[in-house]
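Under full-length UniProt numbering, the sequence shown has 260 at position 260, and the numbering climbs by one with no breaks.
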Amino acid sequence: MKNVITNTFLILVLTCSYMIRAQIPTSEKQYLLEFNKSTVGDQWQNKWDVKADPSTWYGVEIEDGHVTALKLYRNNLTGAIPEGISVLSHLQTLNLAFNVIEGNLPEDMFQLEKLTTMRLEMNKLKGNLPQDCSKMTQLEELSMFNNLLQGTIPSGIGELSNLKTLNLSSNYLEGSLPKSIEKLGKLERLELFGNKLAGTIEVDLGRLVNLKELILSYNQFEGDLPNGMATLSNLEFVQLQGNDFRSLNSLLRMQSSKLAVFDSDDEFLNMKFGSTDASRTRIVDTKYEDVKRN
């Protein structure tokens with residue numbers, strides 16, 4: 001009898017503990033409901049029962065009474081992301097990739113101080129990127145390729161001190177490459193394929209010592225490539241073709257032994273560093289991670 005009472009007590013304690021952790025502030029729940037409505041939740045592939053507890057909603061993760069993740073990768077979201085997302089102040093992962101979301105990015109999206117992953121690729125988002133990045137110092141992955149974004153890359157992008165992946169390929173971004181990018185010492189992937197970026201690259205690429213992938217192809221860059229790039233020993237993928245570079249001679253001294261793909265408009269360098277195996281060439285990011293990474 002004593003064991004039965006003890007076990008029952010433990011079950012009650014665990015149940016109560018779970019319920020306390022699962023409960024979220026009214027403001028967070030209200031935003032999720034607005035998000036569901038704004039992105040036409042009735043047509044989602046995995047729908048929410050909005051009358052049920054938010055802890056049961058697909059793609060919503062809750063820890064210590066707050067929403068920490070919103071993972072709705074490839075879930076047939078349409079419409080727009082509503083303003084006010086900063087109310088999810090404990091959000092660490094936002095993955096809305098491979099949907100059909102339209103409209104501008106919420107003005108307060110870059111105020112999510114605990115966010116480590118923001119994946120919005122393969123949507124129809126438009127407008128400009130927020131210029132103030134100073135609060136998102138925990139962000140490690142910013143992926144927005146294949147959207148309709150315009151304007152410039154934020155001059156303060158270098159404030160994202162923990163950033164490892166920056167992928168803004170296949171948009172309509174213009175202007176120069178912000179010099180502050182050279183402050184991103186942890187950056188491993190810089191992918192800006194297929195925009196309208198232009199001018200001479202003033203960034204000291206040699207400071208990006210962890211860089212593995214540099215994809216700048218099909219923009220309007222000009223002038224000489226910075227000398228520092230030749231010192232990057234971890235490079236695996238380099239694509240520079242489709243620009244107006246005056247000279248790539250600084251790369252003649254490049255010693256990276258890890259290069260798998262090298263593409264440029266300089267045939268000598270292509271033969272020196274590149275591969276003739278077309279299957280190994282990647283012009284745009286085709287590593288479309290499946291739902292396991294959401």
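From the three backbone atoms N, C-alpha and C, an ideal C-beta is built for every residue, glycine too.
Residues near residue i in its chain [Cβ-Cβ closer than 6 Å; skip 5 each side]
i	result
T165	E141 and R189
E191	N167, S169, I215 and D285
G84	Y31
Y58	N46
S230	The question names Ser, but residue 230 in the sequence shown is Ala. If we look at A230 and ignore the five residues flanking it on each side, its Cβ neighbours are S250, L251, R253 and M254.
R207	E182
Q243	Note on residue identity: the sequence assigns Asn, not Gln, to residue 243. Result list for N243: N219 and F221, in chain order.
F9	Residue placement at F9 is poorly supported in this model, since its pLDDT is 47, which falls under 50; the coordinates still yield a value, given next. Here the set comprises nothing.
N171	N147, L149 and N195
residue 376	Because the chain spans 1 through 294 in this model, residue 376 falls outside it and cannot be assessed.
Residue j beta carbon less than 9 Å from that of residue i
i	j	result
T137	S161	yes
D263	S233	no
L173	L129	yes
S180	G156	yes
L91	T68	yes
G185	V209	yes
Q150	K135	no
P226	L259	no
Status (buried if at least 16 other CB within 10 Å, exposed otherwise) for residue i
i	result
F268	exposed
V50	exposed
M144	buried
S247	exposed
T39	buried
G65	exposed
E213	buried
S257	exposed
L148	exposed
D266	buried
A52	exposed
Contacting residues, own chain, Cβ-Cβ under 8 Å from residue i (five flanking each side not counted)
i	result
T15	With a pLDDT of 44 at T15, under the threshold of 50, the modelled position of this residue cannot be trusted, and the question is left open.
N270	F262, D263 and S264
E117	Strictly speaking, residue 117 in this sequence is Thr, with Glu absent from that position. Answer for T117: Q92, T93, L94, N95, L139, E140 and E141, listed in chain order.
A80	S38, T39, I101, E102, G103 and N104
residue 295	Residue 295 lies beyond the stretch modelled for the chain, which goes from 1 to 294, so this question has no answer here.
N76	Q43, W44, Q45, N99 and V100
Selected residue, minimal CA-CA separation from residue i, among the options
i	options	result
L197	A80, E222 and L115	E222
I101	E182, N171 and E121	E121
S89	L70, G103 and L77	L70
Q23	W48, F35, W44 and E61	E61
E159	Q131, W44 and K37	Q131
K29	G228, S55 and L211	S55
N146	A97, P82, Q241 and F245	A97
W44	S27, Y73 and E63	Y73
D108	K272, N99, L259 and C133	C133
G127	K114, L115, P106 and R119	P106
7 Å Cβ shell around residue i - same chain, five flanking residues per side excluded
i	result
P25	none
L163	L139, E140, L142, L184, K186 and L187
L211	L187, E188, L190, L232, N234 and L235
> Residue ranges of each alpha helix (DSSP H) run of no fewer than 4 residues wholly in the segment 26–84, ordered along the chain?
Replying inline: 26–38
> Which runs of the beta strand (DSSP E) fall wholly inside the segment 230–278 and span at least 3 residues, in chain order?
Replying inline: 237–239, 244–247 and 261–263
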